[in-house]
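In my numbering, the protein residues as written are 89 to 471.
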Ligand SMILES: *Cc1c(COP(=O)(O)O)cnc(C)c1O
């Protein structure tokens, strides 16, 4: 018996496609019957969970019969003090994706436009589609955001603009001056979400402090996460900093217990663990250098990245003349991805981001990067 439930779903949802996550290690283990798999597919922290967090979580286990603090009091306080903002400017989310969705749900009507760049983070089109609003995708420039073009594309219907800095999956980075110029051109009635999921990895002398701009641009919302440099992806916790009135609205829409007790405790703990953060960034910098040098040596073009991943064109080694996207020598990103899987290495194909010749590689430990380099050397017949 077939019921057409899809036609019952609201119009936005009818056209939704599920988010395609990185392939889980367990899944590949089951499929290939192999172990020793390296996953460099989801921009996770290769350092593993901080010892300080492990201890804190063990203590917290006895409290799990209780609901978590619905207001996340201690975590919000810690964040407010770290970033010199008022507690009522902080909103906590079940990962920062939760916040991206909350912001869209709270502010955007189906008749509104939501703007983001070509090759930008896939959650922006997803949340836009889910509420049935109009997506305005502005063509990328050098794989990154073209801010002047975005400013020019603002209309009377524009309600929300998403900007990822650094961007995922391209790793491209916008300088502070460019961003400020852009914000100055955005009407006060248009919200700008600056998604800084990879903030901690970006060069400290260039990443600035966009949170401090909220006083000047109250329509700016900065979102960040504990999933990447802080190594808590599995616990799901992120936050936004905004004007207090925006935070108040988001707090009305969010589920009261959207951050669970372990996530709150872990986030509070890792914020104090400066060594873990420093080690994460150092490991990432070393791995980024290593993989860039490897790509250089093999004439593989990559997009310089400020994140914890690097996106490389595996289809067209620069010294080979390409006839079309697919010849014996020029495999598509999806094909190379499949062949890397057989070598036990999971990376991320990004055809869905309009980059069919590229793969996104999360920076791993030294040993994981080594495995990736060997596997790619084999698959692409490099020297
Ligand atoms: C990983 C990522 C996020 C954060 O995801 P969480 O929900 O916090 O795990 C947000 N934005 C971008 C651009 C990302 O790549």
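Built from N, CA and C at the ideal position, the CB exists for glycine as well. Source: prediction; values computed, not measured.
Cβ pair residue i, residue j closer than 8 Å
i	j	result
residue 223	residue 101	no
residue 255	residue 131	no
residue 437	residue 421	yes
residue 179	residue 300	no
residue 206	residue 175	no
residue 295	residue 287	yes
residue 457	residue 346	no
residue 367	residue 135	yes
residue 184	residue 313	yes
residue 145	residue 354	yes
residue 402	residue 447	yes
residue 156	residue 349	yes
residue 44	residue 279	Examination of residue 44 is not possible in this model, given that the chain is present from 89 through 471 alone.
residue 242	residue 196	no
residue 500	residue 460	Residue 500 is absent from the structure shown; the chain starts at 89 and stops at 471.
residue 189	residue 221	no
residue 467	residue 428	yes
heavy atom of ligand 1 below 7 Å from residue i C-beta
i	result
residue 124	no
residue 209	yes
residue 442	no
Alpha-carbon to alpha-carbon, residue j and residue i
i	j	result
residue 360	residue 318	11 Å
residue 469	residue 439	22 Å
residue 333	residue 271	19 Å
residue 212	residue 450	21 Å
residue 284	residue 140	25 Å
residue 237	residue 308	19 Å
residue 329	residue 342	15 Å
residue 96	residue 103	12 Å
residue 161	residue 94	41 Å
residue 424	residue 260	23 Å
residue 119	residue 111	11 Å
residue 264	residue 298	8 Å
residue 463	residue 433	7 Å
residue 390	residue 290	17 Å
residue 194	residue 107	21 Å
residue 357	residue 365	12 Å
residue 311	residue 327	6 Å
residue 123	residue 117	6 Å
residue 362	residue 253	22 Å
residue 281	residue 244	18 Å
residue 414	residue 198	For residue 414, the predicted model reports a pLDDT of 46, less than 50, meaning its position is unreliable; a value from the coordinates is still stated below. Approximately 40 Å between the Cα atoms of the pair.
residue 158	residue 209	29 Å
residue 240	residue 231	18 Å
residue 215	residue 248	11 Å
residue 443	residue 235	20 Å
residue 344	residue 454	41 Å
residue 399	residue 267	23 Å
residue 177	residue 233	27 Å
residue 380	residue 419	20 Å
residue 138	residue 167	19 Å
residue 303	residue 246	22 Å
residue 385	residue 378	11 Å
residue 170	residue 387	43 Å
residue 331	residue 250	17 Å
residue 228	residue 396	21 Å
residue 172	residue 276	23 Å
residue 143	residue 92	50 Å
residue 187	residue 338	8 Å
residue 258	residue 430	25 Å
residue 126	residue 441	23 Å
residue 133	residue 115	20 Å
residue 325	residue 375	26 Å
residue 426	residue 121	16 Å
residue 147	residue 316	24 Å
residue 383	residue 435	15 Å
Could you pull out every unbroken alpha helix (DSSP H) segment of at least 4 residues lying fully inside the stretch 95-166, listed in chain order? 99-102, 113-120, 139-148
Continuous beta strand (DSSP E) assignments of at least 3 residues falling wholly in the stretch 315-379: 326-329
- Query: Mind listing, in chain order, the residues whose beta carbon lies closer than 5 Å to a non-hydrogen atom of ligand 1?
  - Reply: 183, 184, 185, 209, 252, 256, 283, 285, 313, 315, 326
message = If we require 3 or more residues per run, which beta strand (DSSP E) segments fall completely within the stretch 172-233?
response = Whole beta strand (DSSP E) segments, 3+ residues: 178-181, 201-205, 222-226.
Checklist line | Complete runs of the beta strand (DSSP E) confined to the stretch 262-321 [at least 3 residues] | finding: The qualifying runs are 279-283, 308-313.
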